[in-house]
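Novice:
Residue numbers (full-length UniProt numbering): 1 to 73.
#1: Here's the rule: buried if 16 or more other CB atoms are within 10 angstroms of the residue's CB, otherwise exposed. What is residue 28?
#2: Whole angstroms are fine: how far does the CA of residue 22 sit from the CA of residue 31?
#3: At the level of alpha carbons, what is the spacing between residue 47 and residue 12?
#4: Below 8 Å CB to CB, which residues in the same chain sit around residue 73 once its five sequence neighbours on both sides are set aside?
#5: At which residues does the beta strand (DSSP E) containing residue 66 begin and terminate?
#6: Nearest CA to the CA of residue 37: which residue from 68, 63, 18 and 10?
#7: Looking at residue 67: is its Cβ nearer than 8 Å to the Cβ of residue 44?
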């Protein structure tokens with residue numbers, strides 16, 4: 001799936017990364033992902049955010065890092 005615009009909703013990002021929207025929100029909070037907000041206050045993710053989240057997913061789900069290890073990375 002090709003991402004075509006500059007800013008993405010949590011649903012699109014979660015689908016793209018194979019995460020649930022709830023886990024995406026947890027990781028965004030836990031690892032201080034700096035997202036933009038819509039006028040209604042909803043999170044919006046940039047391509048850079050998505051790349052950062054991909055790296056976090058790799059560390060946690062593949063390399064089996066703890067949240068503490070990811071935070072200090």
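The C-beta atom is built at its ideal place from N, Cα and C for all residues, glycine as well.
Specialist: For this structure:
#1: For the purposes of this step, residue 28 is identified with residue 28 of the chain shown, where counting begins at 1. The residue is buried, with at least 16 neighbouring Cβ atoms inside 10 Å.
#2: By one-based count along the chain shown, residue 31 stands at place 31. By one-based count along the chain shown, residue 22 stands at place 22. Rounded to the nearest angstrom, the two C-alpha atoms are 14 Å apart.
#3: Residue mapping note: residue 47 aligns to position 47 of the chain shown, counting from 1. Residue mapping note: residue 12 aligns to position 12 of the chain shown, counting from 1. Using only the alpha carbons, I get a separation of about 12 Å.
#4: Residue numbering aside, residue 73 sits at position 73 when the chain shown is read from its first letter. Same-chain partners within the cutoff: 59 and 65.
#5: As a first step, residue 66 is located in the chain shown; it is residue number 66 there, counting from the start. Looking at the DSSP string, residue 66 is not in any beta strand (DSSP E), and its letter there is neither H nor E.
#6: As a working note, residue 37 is residue 37 in the chain shown. Ranking the options by Cα distance to residue 37, first place goes to 10.
#7: In the chain shown, residue 67 corresponds to position 67, counting from 1. In the chain shown, residue 44 corresponds to position 44, counting from 1. Not a contact, by the Cβ cut-off of 8 Å.
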